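Counting the sequence shown from 1 gives a position; our numbering is that position plus 45. Glycine residues also receive a C-beta, built at the ideal position from the N, C-alpha and C atoms. Everything numeric in this text was worked out from a predicted model, so none of it was measured.
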Amino acid sequence: MASPFATSVVSTTGFPVTPGLYTDPSAVLGKPTTMYHDALNGIDYRSSVVAAPFGTATDQATSIVTTLNAGQSIVVTFDHDVENDTKNPFGVDFIVFGNSFFTGSAAVTPTSDMGQISILAGVNSEAVTVEVAQSLAGPWYSYSTRTGDGLFPTQAYTWDGANNAWGAESDFTKPVDPSLGDASFVGKTAAEAIALYNGSGGGAGFDLTDSGFAWIRYIRLSGDGGDVDAIADVTAVPEPGAVALAFAAGGLLLRRRTRRC
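Listed below in structure tokens is the structure:
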């Protein structure tokens with residue numbers, strides 16, 4: 046079964062031979078970080094709009110984000126073609142997760158009430174250039190006016206406002222509505238911001254229509270101090286007619302089985 050996340054590092058430029066914390070290119074593979082360990086305080090946190098993933102995974106050893114400094118780049122691939130699919134929500138075809146965050150009105154703890162933390166300013170972002178191609182030989186298209194480490198901060202879990210507790214894991218293959226901007230979040234509580242995500246795990250969304258490609262297989266990341274955690278292929282939403290047809294077919298099959306009993 047194909048993975049919705051980048052699966053392999055194809056090449057790197059400018060990284061040390063022996064990877065370390067924040068310098069391990071393979072940290073961009075797989076799903077985004079849901080929990081991370083803060084070594085300074087010895088505490089595990091959930092990744093959220095007001096608590097960006099950094100340091101290590103909760104095993105206190107595995108790198109979770111990669112910093113891309115000037116002159117450094119990573120090329121990753123998926124185990125399938127990422128398509129420019131008209132059924133993808135908002136026209137977003139893939140998502141890059143960094144470690145951007147909103148500044149909150151209070152220090153975040155594992156038991157913080159997201160309804161009591163206000164967002165004070167726009168997103169804290171850093172420069173990550175995202176390029177795409179169908180072949181390693183190119184041509185490459187660069188999203189030169191956007192960063193892969195900005196809107197929207199990773200939100201690993203939904204928020205249960207009724208019980209003031211974390212809920213289910215968010216959907217990392219579902220983009221946030223790209224019409225939202227900093228002004229949509231400033232002044233709101235973290236809980237209200239999470240509600241605007243509508244179940245999405247966040248990340249910076251990119252539309253392949255901009256590139257002119259019907260599909261891509263490779264993504265190149267470069268930066269000037271920005272960080273990358275993961276890259277996801279967006280899951281298409283079935284058209285209403287297709288959903289209705291599937292339900293009808295299921296009902297017909299059930300009736301046939303019932304008659305045989």
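At least three beta-carbon pairs within less than 8 Å, the region 263-270 to the region 174-186 = With a cut-off of 8 Å, the region 174-186 and the region 263-270 count as touching, because enough Cβ pairs lie within range.
GLN200, buried or exposed, once every other Cβ within 10 Å from all chains shown has been counted against 16 = Taking the sequence shown and counting its residues from 1, the one referred to as residue 200 is at position 155. With 16 or more other Cβ atoms from the protein chains shown falling within 10 Å of its own Cβ, GLN200 counts as buried.
Where TYR90 and VAL110 are concerned, what is the direct C-alpha to C-alpha distance, given to the nearest angstrom?
-> To locate residue 90, count along the sequence shown from 1; it is residue 45. To locate residue 110, count along the sequence shown from 1; it is residue 65. Their Cα atoms are separated by approximately 15 Å.
Figure out for me which residue from PRO70, SER215, THR52 and VAL273 has the closest Cα to the Cα of TRP204.
-> The residue you call residue 204 lines up with position 159 of the sequence shown. Closest option to TRP204, Cα to Cα, is SER215.
Close-in-space but distant-in-sequence residues of the same chain around ALA96 (CB under 6 Å, 5 per side omitted) = To locate residue 96, count along the sequence shown from 1; it is residue 51. Contacts found: TYR90 and VAL153.
Can you grab the Cα-Cα spacing for the pair LEU63 / PRO98, in whole Å?
-> Within the sequence shown, residue 63 is the residue found at index 18, counting from 1. Within the sequence shown, residue 98 is the residue found at index 53, counting from 1. Checking the displayed sequence, the identity of residue 63 turns out to be Thr instead of Leu. Their backbone Cα atoms lie some 22 Å apart in a straight line.
Just confirm the distance between the C-beta atoms of VAL231 and PRO198, as a whole number of angstroms; I'd bet it's less than 8 Å.
-> Within the sequence shown, the letter at position 186 stands for residue 231. Within the sequence shown, the letter at position 153 stands for residue 198. Not a contact, Cβ separation roughly 13 Å.
Going by the CB atoms, is the gap between SER150 and SER170 shorter than 8 Å?
-> Within the sequence shown, numbered from 1, the residue matching residue 170 stands at position 125. Within the sequence shown, numbered from 1, the residue matching residue 150 stands at position 105. Using a Cβ distance threshold of 8 Å, SER170 and SER150 do not count as a contacting pair.
How many angstroms separate the CA atom of SER118 from the CA atom of PRO184?
-> As a position in the sequence shown, residue 118 is number 73, starting the count at 1. As a position in the sequence shown, residue 184 is number 139, starting the count at 1. As the crow flies, the alpha-carbon of SER118 is around 17 Å from that of PRO184.
How close, in whole Å, do the beta carbons of ALA102 and THR68 come, if the pair is a contact with beta carbons under 8 Å?
-> Here residue 102 refers to the residue found at position 57 when the sequence shown is read from its first residue. Here residue 68 refers to the residue found at position 23 when the sequence shown is read from its first residue. That belief does not hold up - the Cβ atoms of ALA102 and THR68 are roughly 16 Å apart, past 8 Å.
Where MET80 sits in the DSSP three-state scheme | By one-based count along the sequence shown, residue 80 stands at place 35. Strand.
Compute the Euclidean distance between the alpha carbons of SER53 and LEU74, then round it to the nearest angstrom.
-> By one-based count along the sequence shown, residue 53 stands at place 8. By one-based count along the sequence shown, residue 74 stands at place 29. Rounded to the nearest whole angstrom, the CA to CA distance from SER53 to LEU74 is 7 Å.
Excluding five sequence neighbours on each side, which residues of the same chain lie with their C-beta closer than 6 Å to the C-beta of TRP260?
-> Counting from one through the sequence shown, the residue named residue 260 turns up at place 215. In chain order, ASP126 and GLU128 place their CB closer than 6 Å to the CB of TRP260, counting only its own chain and leaving out the 5 sequence neighbours on each side.
If you run the structure through DSSP and keep just helix, strand and coil, what is TYR188?
-> The count along the sequence shown starts at 1 and reaches residue 188 at position 143. Reduced to three states, the DSSP call for TYR188 is coil.
For my contact list, LYS76 and ALA281 are in at a C-beta cut-off of 8 Å; report their separation, rounded to the angstrom.
-> Taking the sequence shown and counting its residues from 1, one reaches residue 76 at position 31. Taking the sequence shown and counting its residues from 1, one reaches residue 281 at position 236. Going by Cβ atoms, the distance from LYS76 to ALA281 rounds to 18 Å, so no, they are not a contact pair.
Euclidean distance between Cα positions of GLY246 and GLY143 | If you number the sequence shown from 1, residue 246 lands on position 201. If you number the sequence shown from 1, residue 143 lands on position 98. A direct Cα-Cα distance of roughly 12 Å separates GLY246 from GLY143.
DSSP on LEU298, reduced to helix/strand/coil?
-> Reading the sequence shown from its first residue, position 253 is the one you call residue 298. Residue placement at LEU298 is flagged as unreliable, the pLDDT there being 47, under the threshold of 50; the coordinate-derived value follows with that caveat. If DSSP states are grouped into helix, strand and coil, LEU298 belongs with the helices.
Should ASP104 be labelled buried (16 or more other beta-carbon atoms within 10 Å of its own) or exposed?
-> For this step, residue 104 is matched to residue 59 along the sequence shown. Classification of ASP104: exposed, given that the 10 Å Cβ count is below 16.
By Cβ distance below 6 Å, which residues in the same chain neighbour GLY250 in space, the five residues on each side in sequence not counted?
-> Mapped onto the sequence shown, residue 250 falls at position 205. Contacts found: VAL137, ILE140, PRO220 and PRO223.
Take the Cβ of SER180 as the centre, count every other Cβ of all protein chains shown within 10 Å, and call the residue buried at 16 or more, exposed below.
-> On the sequence shown, position 135 is the one that residue 180 refers to. Exposed, because fewer than 16 other Cβ atoms sit within 10 Å of the Cβ of SER180.
Sequence-distant residues of its chain with Cβ nearer than 6 Å to THR218 (five each side left out) | Here residue 218 refers to the residue found at position 173 when the sequence shown is read from its first residue. Exclusion of the five residues before and after THR218 leaves PRO49, ALA277, VAL279 and THR280 as the residues of its chain whose Cβ lies within less than 6 Å of its Cβ.
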